[in-house]
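Trainee: Just so you know, we're using my numbering here: the sequence shown kicks off at 77 and counts up by one. Every residue gets a Cβ at the ideal spot worked out from N, C-alpha and C, and that includes glycine.
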Amino acid sequence: MMPAPPDLFGAFLPGARCTALPSAAGALDGMAMAVKDLIDIEGAVTGGGNPDWAADHAPASRHAPCVATLLSSGAHLCGKTITDELAFSLEGRNAHYGTPLNPQLPDCLPGGSSSGSAVAVAAGLADFALGTDTGGSVRVPAAFCGLAGFRPTHGRVSPEGVLPFAPSYDTVGWLARSASLLAQVGQALLGPSAVASGAPRLCLAADVYAMAEPRSAALLKSAAEALGAGASVDVFEGRAAQWLRCYQVLQGAEIRHTLGPWIAARKPRFGRDIAARFASTLDIADDDIRDQQAFRLIVSARLHRLLADGRVLVLPTVQVPSLKKDASGAALSAFYEVALAVNAIAGHAGLPQLVLPAGRVGGAPVSLSFIAQAGMDELLLAQAPRWAAQLQADGFR
Numbered sequence: 077m078m079p080a081p082p083d084l085f086g087a088f089l090p091g092a093r094c095t096a097l098p099s100a101a102g103a104l105d106g107m108a109m110a111v112k113d114l115i116d117i118e119g120a121v122t123g124g125g126n127p128d129w130a131a132d133h134a135p136a137s138r139h140a141p142c143v144a145t146l147l148s149s150g151a152h153l154c155g156k157t158i159t160d161e162l163a164f165s166l167e168g169r170n171a172h173y174g175t176p177l178n179p180q181l182p183d184c185l186p187g188g189s190s191s192g193s194a195v196a197v198a199a200g201l202a203d204f205a206l207g208t209d210t211g212g213s214v215r216v217p218a219a220f221c222g223l224a225g226f227r228p229t230h231g232r233v234s235p236e237g238v239l240p241f242a243p244s245y246d247t248v249g250w251l252a253r254s255a256s257l258l259a260q261v262g263q264a265l266l267g268p269s270a271v272a273s274g275a276p277r278l279c280l281a282a283d284v285y286a287m288a289e290p291r292s293a294a295l296l297k298s299a300a301e302a303l304g305a306g307a308s309v310d311v312f313e314g315r316a317a318q319w320l321r322c323y324q325v326l327q328g329a330e331i332r333h334t335l336g337p338w339i340a341a342r343k344p345r346f347g348r349d350i351a352a353r354f355a356s357t358l359d360i361a362d363d364d365i366r367d368q369q370a371f372r373l374i375v376s377a378r379l380h381r382l383l384a385d386g387r388v389l390v391l392p393t394v395q396v397p398s399l400k401k402d403a404s405g406a407a408l409s410a411f412y413e414v415a416l417a418v419n420a421i422a423g424h425a426g427l428p429q430l431v432l433p434a435g436r437v438g439g440a441p442v443s444l445s446f447i448a449q450a451g452m453d454e455l456l457l458a459q460a461p462r463w464a465a466q467l468q469a470d471g472f473r
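Shown next, in the form of structure tokens:
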């Protein structure tokens, strides 16, 4: 195992680096893995990006199953990475431990809340990294840092040993610099399984392109068409704001249940924006929760019908190529309004989503996402290296 390179990007937690050797040889021999500080590592405190949470919790007695699986596949742990506080952000900032430096665009945010994991991979400090994704926390930093990323079908990777946030949306995801390594990690985590035969039918999510910054939308639409995407659909049917509201209400209600009692008792130190977000979960009405649960069932059923027969939605991962560190409050609000609605497509129905870099706009990486029917993770991962190679051959990398 090679000595760990110095962390010049602020990807890892301050202090002594948390490491672990492989427990067996396997397909990931020699690969360095970074792990988000929401996931248990034996002997280390899972700090969740907040010093008060860290102070209140003992070191983990064992590795989370997702970590143990990868160690048994030959990977070694090279460090635990910074996360936005208790995962409640898509920006990549942390008021206590700092903002990891985006190696692609140092004056821009890395995206969160798996910010450190994305930066560790993009900077070459790790070959791949584990993160968590509830409302885009693997997908957004993958896009902003120019990486391949994957959010699996809800429940395909065990959440045991992972700090809960909004459990019906929470997933363990991963990031890598190449689509082939992304697929290798997926094979280890998902286990042996048959891959569906036949080529997927790529379908443009037309209304999502319309929500994106025009130059990004044009480039990404051309990239999707180069991969064979032809037919198009309107995913939101003019109701993107309702999809967003549904996500915000249901996520907030679950956060209030999982983290609310600790917050009320501990009164922890939070960054200002994070504190306001947690406070907002206290005002959600029971009637609103019931209404949004019913709406979620409706849109989930629609998505399952839409993705029948091997159809795969192709869409921009985020609507802008990047966010400046000094972005205004208005710019951040506009970002969240679209990004959370778009990320809720996979989230509401528990669907797998693949992220692949697909070019640059104004020097910033932009990414395509591919959303398939629940349980079709292997199909997406099997196609990922071919799609990535085709995008590169066609000049979209």
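Say whether chain D places a C-beta atom closer than 8 Å to the C-beta of Leu389.
Mentor: The structure shown contains no chain D; it holds only a single protein chain.
Trainee: Let me make sure I understand the geometry here. Which of Ala282, Ala259, Gly314 has the alpha-carbon closest to that of Leu455?
Mentor: With distances taken between Cα atoms, Leu455 lies closest to Ala259.
Trainee: Taking Val111 as the reference, which of Gly125, Ser409, Asp105 has the closest Cα?
Mentor: Checked all of Gly125, Ser409, Asp105; the closest Cα to Val111 is Gly125.
Trainee: Helix or strand or just coil, what does DSSP make of Gly155?
Mentor: strand
Trainee: May I ask which residues mark the beginning and end of the beta strand (DSSP E) holding Lys112?
Mentor: Unbroken beta strand (DSSP E) run through Lys112: 108 to 112.
Trainee: Once the 5 residues before and after Ala425 are set aside, which same chain residues still bring their CB inside 6 Å of it?
Mentor: Ser376, Leu379
Trainee: According to DSSP, is Ile365 part of a helix, a strand, or is it coil?
Mentor: helix
Trainee: Could you tell me whether the segment 151 to 169 touches the segment 380 to 389, where touching means 3 or more Cβ pairs closer than 8 Å?
Mentor: no
Trainee: At 4 residues or longer, and completely inside the segment 179 to 245: list those alpha helix (DSSP H) runs for me, N to C.
Mentor: Listed in chain order, the complete alpha helix (DSSP H) runs (minimum 4 residues) inside the segment 179 to 245 are 191 to 198, 215 to 220.
Trainee: Suppose only complete runs of 3+ residues qualify. What are the beta strand (DSSP E) ranges in the segment 384 to 417, listed by chain order?
Mentor: 387 to 392
Trainee: Between the Cα of Ile374 and those of Phe312, Gly222, Ser244, Asp203, spot the shortest distance and give me the residue it belongs to.
Mentor: Phe312
Trainee: Tell me the rounded alpha-carbon separation between Lys343 and Ser298.
Mentor: 50 Å
Trainee: By Cβ distance, which residues of its chain are closer than 7 Å to Asp470, with the 5 residues on each side in sequence left out?
Mentor: Ala302
Trainee: Compare the C-alpha of Ala420 against each of Ala300, Arg315, Leu251, Ser292 and name the closest.
Mentor: Arg315
Trainee: Does the Cβ of Pro433 have 16 or more other Cβ atoms within 10 Å, making it buried, or fewer, making it exposed?
Mentor: Label assigned to Pro433: buried.
Trainee: With a 10 Å radius around its C-beta and 16 neighbouring C-beta atoms as the bar for buried, classify Lys156 as buried or exposed.
Mentor: buried
Trainee: Less than 8 Å separating the beta-carbons of Cys448 and Pro428?
Mentor: Checking the sequence shown, residue 448 turns out to be Ala, not Cys. Contact flag set, yes.
Trainee: Kindly indicate the opening and closing residues of the beta strand (DSSP E) around Ile447.
Mentor: 440 to 447
Trainee: Only counting the same chain, and skipping five residues up and downstream in sequence, which positions put a Cβ closer than 6 Å to that of Pro127?
Mentor: His172
Trainee: Using DSSP's beta-bridge definition, name the partner residues of Gln429.
Mentor: DSSP, once it has assigned bridges, lists Arg227, Ile447 as partnering Gln429.
Trainee: What number of angstroms, rounded off, separates the C-alpha of Ala440 from the C-alpha of Ser308?
Mentor: 26 Å
Trainee: State yes or no: is the C-beta of Gly249 within less than 8 Å of the C-beta of Gly225?
Mentor: yes
Trainee: Going by Cα to Cα distance, which pick from Leu104, Asp183, Ala96 is closest to Cys154?
Mentor: It is Ala96 whose Cα lies nearest to the Cα of Cys154.
Trainee: Smallest Cα separation from Ala134: which of Pro141, Leu146, Gly119, Ser148?
Mentor: Gly119
Trainee: For Trp250, which residues does DSSP report across the bridge?
Mentor: Leu206, Phe226
Trainee: Going straight from the alpha carbon of Ala300 to that of Tyr412, what length do you get?
Mentor: When rounded, the distance between both Cα atoms is 24 Å.
Trainee: Count the other CB atoms within 10 Å of the CB of Arg366; is the residue buried (16 or more) or exposed (fewer)?
Mentor: Counting of Cβ neighbours within 10 angstroms places Arg366 among the exposed residues, the total staying below 16.
Trainee: Are there 16 or more other CB atoms within 10 angstroms of the CB of Ala199, so buried, or fewer, so exposed?
Mentor: buried
Trainee: Which residue marks the beginning of the beta strand (DSSP E) containing Leu278, and which one marks its end?
Mentor: 277 to 281
Trainee: Less than 8 Å separating the beta-carbons of Leu320 and Ala417?
Mentor: yes
Trainee: So what's Phe495 in DSSP terms, helix, strand or just coil?
Mentor: In the structure as shown, the chain starts at 77 and stops at 473, and residue 495 therefore has no counterpart that could be examined.
Trainee: If we ignore side chains and look at the alpha-carbon of each, how far apart do Gly438 and Phe85 end up?
Mentor: 22 Å
Trainee: Mind checking Arg169: buried by the 16 CB within 10 Å criterion, or exposed?
Mentor: Within a 10 Å sphere around the beta-carbon of Arg169 sit 16 or more other beta-carbons, which makes this residue buried.
Trainee: Measuring CB to CB, does Gly192 end up less than 8 Å from Val216?
Mentor: no
Trainee: Starting from Val325, follow the alpha helix (DSSP H) in both directions and report where the run begins and ends.
Mentor: 316 to 334
Trainee: Applying the criterion that 16 or more other CB atoms from any shown protein chain within 10 Å of the CB defines a buried residue, is Glu236 buried or exposed?
Mentor: exposed
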